[in-house]
Amino acid sequence: MRSTGTKLNRKFFIIPALVLVLAGTLVIVRHTSQPPSTPTPKKWYELGMMADPILDQVLLFYLGEAWTKMTDINECLETASRIKKDDSESWSREWRKTAERLHALGDSLRSKGHRKSAGEAYLRAASYYRATMHRHMHPGSPEIKELTEREIACFIKSQVLLETPMEVVSVPYEGVTLTGYFYRSPRAKGKAPTLIVHQGRDAWAEDCTYIADEAVTRGYHCLLIDGPGNGQALRRHNLPFRPDWEAFIRPVVDFLSSRPEVDPQGIMLMGMSMGGFLAGRAAAHEPRLRILIVNPGIVDWGEVFFTKLKEYSPELISLYHTSPAVLNATIGIAGRLSPFLLWGLTDTMWKHGVNTPSQLLDSMKSFTNLEGVGRIKATTLVIDAEAEEFGQSKRFYDALTCEKDYILFTEEEAAPLHVQTGSLALASQRIFDWIDEKMKR
7 MRSTGTKLNR
17 KFFIIPALVL
27 VLAGTLVIVR
37 HTSQPPSTPT
47 PKKWYELGMM
57 ADPILDQVLL
67 FYLGEAWTKM
77 TDINECLETA
87 SRIKKDDSES
97 WSREWRKTAE
107 RLHALGDSLR
117 SKGHRKSAGE
127 AYLRAASYYR
137 ATMHRHMHPG
147 SPEIKELTER
157 EIACFIKSQV
167 LLETPMEVVS
177 VPYEGVTLTG
187 YFYRSPRAKG
197 KAPTLIVHQG
207 RDAWAEDCTY
217 IADEAVTRGY
227 HCLLIDGPGN
237 GQALRRHNLP
247 FRPDWEAFIR
257 PVVDFLSSRP
267 EVDPQGIMLM
277 GMSMGGFLAG
287 RAAAHEPRLR
297 ILIVNPGIVD
307 WGEVFFTKLK
317 EYSPELISLY
327 HTSPAVLNAT
337 IGIAGRLSPF
347 LLWGLTDTMW
357 KHGVNTPSQL
367 LDSMKSFTNL
377 EGVGRIKATT
387 LVIDAEAEEF
397 GQSKRFYDAL
407 TCEKDYILFT
417 EEEAAPLHVQ
427 TGSLALASQR
437 IFDWIDEKMK
447 R
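Position 393, counted from 1, in the sequence shown is what the working numbering calls 399; the numbers after and before it change by one each time, with no gaps.
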């Protein structure tokens, strides 16, 4: 009886720490590296509008897209005002209401012949459908399939009605066909360089539309596409993340190289957020890339993940190494106490194609590029930010043996956050000026 009591005490000692762990690590959007129990002065970019600081950061992400016309500020703020801190379902429910309102507005405007206005409404509706899924309590549910198809339909209609130079393309990948968005630059003469862009853990290819817009105005073609674990590749085809990202990028490069308007000697790759690790891994094994941009640079994503876990709860790491079955049971109990924890676990395991927390931690060990960074041949831009938490940009930069550059975004220039959330204008300018300098030599 004493032994059983000891186990129960240990479980309930760990539960509060686990809630904090998931709040700061598994979601991968928290913008402070300090444990939640350590009080820190509030920064100007901490909105304080949501009870959950993680959702506060996600709200800033969608506010930041207003610069690109993918959202509008007051639509985001009004939606946020309806989200209740004690109702875990309210985030997805309220964003869906906003998405459906803008979707209906687009339909109405199109029926009246207002093509541009309809396109803009559909573009925002697509963003709000993605926001609905950003923190959905049932990520593998049939509703997600429905929302995904609505998001894709709205996005494609927006691009057609706005007369963007976008073509929906199909890229063969291991027995399935992945949908991508190919933007052909009207300024390109003959075969032109082409930029591949993908995201990481949370965002979708469609969130990178502003990058495609910038690319085509500068004479580059651009392909936005989701790989395994990303956006619609996960939700349409049930493809989880894989560490050997080159298995995804190779057929993408094959596809682009076969297109008559693409210069096969000028293919570039940009990876955002966790995509900074994935793109770096792919570039270590795909020699046809001319330029690589990692935002941020990440040498070992598994190490980032485990480091964050250890910061918040050393007991969790110890339990993982000594008693995986107890770990799984313990987090299961904690999940019943905290809907947020339950969502974080469910969402992350779903994206990695595993069934238990211990399997998730096992899988993270394979997300490493320790031996690969030094093999990258593409001219590389490594992006960093003063308030970056999840990157290893200086370490990545130092490990490179190819031609390389490093850009640090700072608080002084109002761009200190992970992937320059809320600072997309400055980020686009500096990144594409760098591309121009490298490609025009």
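Just so you know, even glycine gets a beta-carbon here, dropped at the ideal spot from N, CA and C.
Where residue i falls: helix, strand or coil (DSSP)
i	result
L298	strand
M280	coil
V388	strand
K314	helix
K410	strand
I79	helix
H204	strand
T183	strand
T427	coil
R381	helix
V332	helix
I89	coil
P422	coil
S319	coil
W50	coil
A209	coil
E84	helix
P363	helix
R193	coil
H327	helix
H144	coil
G235	coil
Beta-bridge pairing of residue i - partner residues as DSSP gives them
i	result
L347	Paired residue(s): none; L347 is not in a bridge.
D306	T374
T354	None; T354 has no bridge partner.
F188	E173, L229
L275	I202, L298
V268	A198
P178	T183
F415	A391
Residue i - containing beta strand (DSSP E), residue span
i	result
F67	F67 -> not in any beta strand (DSSP E); alpha helix (DSSP H) instead, spanning 59-70.
Terminal residues of the alpha helix (DSSP H) in which residue i lies
i	result
V259	252-263
S466	The chain is shown from 7 up to 447; residue 466 falls before or after that span and cannot be answered.
C160	148-167
M445	430-445
V222	215-223
W97	96-117
L245	Where L245 is concerned, there is no enclosing alpha helix (DSSP H), given that its DSSP letter is neither H nor E.
F402	399-405
Inter-residue spacing [alpha-carbon to alpha-carbon] between residue i and residue j
i	j	result
G286	H243	24 angstroms
F346	P293	42 angstroms
S114	H142	28 angstroms
E267	L66	37 angstroms
E100	W349	17 angstroms
K316	F396	14 angstroms
K91	M278	29 angstroms
R224	N301	20 angstroms
L32	K197	Residue confidence is low: L32 scores 36 on pLDDT, short of 50, so the model does not pin down where it sits. Its coordinate-derived value is still stated next. Straight-line Cα distance between these residues: approximately 42 angstroms.
G219	G281	A small correction: the amino acid at residue 219 is Asp; Gly does not occupy that position in the sequence shown. Looking at the two C-alpha atoms, the distance is approximately 20 angstroms.
T427	A421	7 angstroms
F438	K444	10 angstroms
S434	I297	16 angstroms
G308	S94	28 angstroms
H358	F402	24 angstroms
C160	Y68	17 angstroms
I441	A431	16 angstroms
A211	E169	19 angstroms
T46	L53	14 angstroms
L111	T104	11 angstroms
L108	V64	20 angstroms
A132	I158	7 angstroms
Neighbour flag for residue i against chain D, beta carbons, 9 angstroms
i	result
D260	Judged by its chain identifiers, the structure shown contains no chain D, having just a single protein chain.
**OP:** Could you tell me whether the segment 79-89 touches the segment 113-129, using the rule of 3 or more Cβ pairs below 8 angstroms?
**Re:** No, the segment 79-89 is not in contact with the segment 113-129.
Original post:
Would you say the segment 402-417 touches the segment 317-325, given that touching needs at least three Cβ pairs under 8 angstroms?
Top reply: no
**OP:** Evaluate contact between the segment 138-151 and the segment 191-205, counting only Cβ atoms and requiring at least three cross-stretch pairs below 8 angstroms.
**Re:** no
Original post:
With a cut-off of 8 angstroms, do at least 3 Cβ pairs link the segment 222-238 to the segment 183-196?
Top reply: yes
Original post:
So, do the segment 381-393 and the segment 347-366 have three or more beta carbon pairs nearer to each other than 8 angstroms?
Top reply: Result no; under three Cβ-Cβ pairs closer than 8 angstroms.
Original post:
Would you call the segment 126-140 and the segment 171-183 in contact, with 3 or more CB pairs under 8 angstroms?
Top reply: Taking a cut-off of 8 angstroms for Cβ pairs, the segment 126-140 and the segment 171-183 do not touch, as fewer than three such pairs fall below it.
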